[in-house]
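Asks: Below you'll find the structure I mean.
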Amino acid sequence: MKKALFILFVCTSLKAYTQADSLRVVLPGTDTVTIESYATRYDPRKALLFAAVLPGLGQVYTKKYWKLPLVYGGLGATAYAINFYQDGYTLYRRELFYNLDNGLEAGSAINPNTLRTTDQLRYAVNRYRRERDFMIIVMMGVYILQIVDAHVDAHLKEFDVNPNLKVRVEPAFSNELLTGRMGGISLKIRF
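Going by this note's numbering, the first residue of the sequence shown is number 211, and it counts up by one from there.
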């Protein structure tokens, strides 16, 4: 009985004292670490499409929330200016047609509603139309600028700003023999 217990004890404890296998087999996918690139999170084409569909959405996509008031402020200000100049244009055009219909074509004849002559009304109509058209062009420029901004921001997410890059602007003075003392600006770039 003692012999049987001893053999049973030795057989069960043999596994505890065996050597480890020196050749390790690594199964694929168990120790693989996927590195998510910071640049792939923001697709420039998607940012461009978002900004084109809804102004400011490209800035939200690239997480530049502080630019939203600039986008909507620019679009809102130009929309207000377009409305203002359109109202002035329609008012003065209506009064100009009133002058032309009632025979007030002479330069000295004054419109009783606006207290302006026909020449002044023509000038006002042309001015308000020109300013309205210019504001429409400015609004298109703001719209295109916010699209380009979203696209460029998405591209520059992968740009690494190294702390060793430095630009220093400082005053510089020189004392030359022929010209005397001179002041200037020194620009030092370190990369």
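Glycine included, every Cβ here is placed at the ideal spot set by N, Cα and C.
Is it the case that the Cβ atoms of Val281 and Gly266 are separated by a distance below 7 Å?
Replies: Closer than 7 Å, so yes.
Asks: Figure out for me which residue from Asp311, Gly298 and Tyr271 has the closest Cα to the Cα of Ala334.
Replies: Ranking the options by Cα distance to Ala334, first place goes to Gly298.
Asks: Three-state secondary structure (DSSP) at Arg326?
Replies: In this structure, Arg326 counts as coil in the three-state DSSP scheme.
Asks: What is the residue span of the beta strand (DSSP E) that Asn385 lies within?
Replies: Looking at the DSSP string, the run of the beta strand (DSSP E) that includes Asn385 is Lys376 to Glu386.
Asks: Taking the straight line between their C-alpha atoms, what separation do you get for Thr324 and Leu310?
Replies: Their backbone Cα atoms lie some 14 Å apart in a straight line.
Asks: What does the Cβ neighbour count give for Phe307, buried or exposed, with the cut at 16 atoms within 10 Å?
Replies: The residue is exposed, with fewer than 16 neighbouring Cβ atoms inside 10 Å.
Asks: Looking at Lys274 and Asp363, is the spacing between their C-beta atoms short of 7 Å?
Replies: In this structure, Lys274 lies closer than 7 Å to Asp363 by Cβ.
Asks: Which residue marks the beginning of the alpha helix (DSSP H) containing Lys256, and which one marks its end?
Replies: Lys256 -> alpha helix (DSSP H) spans Pro254 to Val263.
Asks: To the nearest angstrom, report how far apart Glu380 and Arg326 are at their CA atoms.
Replies: Computed Cα separation, rounded: 58 Å.
Asks: Return the chain-ordered list of same chain residues with a C-beta closer than 7 Å to the C-beta of Ala249, the five sequence neighbours on each side being excluded.
Replies: Because the pLDDT of Ala249 is 47, which lies under 50, any placement of that residue in the model is unreliable, and the number read from its coordinates should be weighed accordingly. Closer than 7 Å at Cβ, skipping near neighbours: Lys367 and Glu368.
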